[in-house]
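Numbered according to full-length UniProt numbering, the sequence shown terminates at residue 215, and the numbering increases by one at each position without gaps.
Heads up, the beta-carbon is just placed ideally off N, CA and C, and yes, glycines get one too.
Have a look at the structure below before the remarks.
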Amino acid sequence: MFNLQLESESINTAIDALVDKGWYFWHNAIPTSLCDALYFELQQRQQDGELQQAGIGRGQEHQLNQRIRRDAIHWLERQTPAQAQYLDLMQQLQLELNRQLFLGLFEYEAHFALYSPGDFYKKHRDSFRGAANRMVTSVTYLNPTWQADWGGELVLYNEEDTQELTRLMPQCGALALFMSEQLPHEVLPTRQPRASIAGWFRCNTSTHDLVNPPK
Ligand SMILES: O=C(O)CCC(=O)C(=O)O
Ligand SMILES: [Fe+2]
């Protein structure tokens, strides 16, 4: 697995969709071999007790809230070749987003997420009060197979939150992209362990008198 690249034509399709409708579901975006390696790593980290309960908010506002989200996470920091390859692919996407949308994205952050049976993430937007610097959300799904009756769909709603836009099954190698502040979304309760990498392309808001929040 060397020099993996996202297909440039598909990147253009994805960016066009983000502009037109605020979201895109990219089937088979991430090569299966890389997904397998990431899936294995996530399972290993769970067995070794290296996942942490996910929280809501950052810094002082950070609080565990089991009623809203129940996944367990681990931040990616290029600890393994698989993590580095995944982050390289997202960097490729970031360069194109910058070039085509002039978003001024300067950073990408991502964590593994494991939803155990019964886990969910209630409807929310991916930005925090006073730190609206997440521009585009990415979620890659790692389970080798997913069946329709296993639940765990990602549901996207329109900006006004009056209507469901789509319901996406966490299929292996698929990459969901959407505008972070715009679209409310939720993860429906899953019946099987559900493995993913959630990430955010962020822009620098420090120039607007906001201090960039710590992880
Ligand atoms: O896993 C997903 O499909 C979405 C996760 C999510 O909304 C989040 O982590 O903010
Ligand atoms: Fe989210």
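The way I'd put it, the region 92-107 doesn't touch the region 183-195; fewer than three beta-carbon pairs between them come closer than 8 Å. Residue burial annotation: E153 is buried, with at least 16 other C-beta atoms found within 10 angstroms of its C-beta. For the set Q147, W150 and L168, the Cα lying nearest the Cα of Y157 is the one of L168.
For the pair K123 and R70, the Cα-to-Cα distance works out to about 13 Å. If you look at S33, you'll find it in the alpha helix (DSSP H) that goes T32 to Q47. Distances taken from the Cβ of A176 to the heavy atoms of ligand 1 include one shorter than 7 Å. Boundaries for E181: no beta strand (DSSP E) harbours it, and the DSSP string shows neither H nor E there. Under the DSSP assignment, A82 falls in the alpha helix (DSSP H) whose first and last residues are P81 to L101.
The Cβ neighbour count for S196, taken over all protein chains shown within 10 Å, is at least 16; the residue is labelled buried. If you compare the alpha carbons of F112, V19, L103 and L183 with that of T140, the shortest gap goes to F112. For E50, the three-state secondary structure derived from DSSP is coil. Counting only unbroken stretches of 3 or more residues, the beta strand (DSSP E) elements lying wholly within the UniProt domain "Fe2OG dioxygenase" (101-203) are 105-115, 121-124, 134-141, 154-157, 164-168, 175-179, 185-187 and 194-203, in sequence order.
Exclusion of S127 from the 7 Å shell around ligand 1 follows from its C-beta lying no nearer than that to any non-hydrogen atom of the ligand. L38 is not a Cβ neighbour of L114, given a cutoff of 8 Å.
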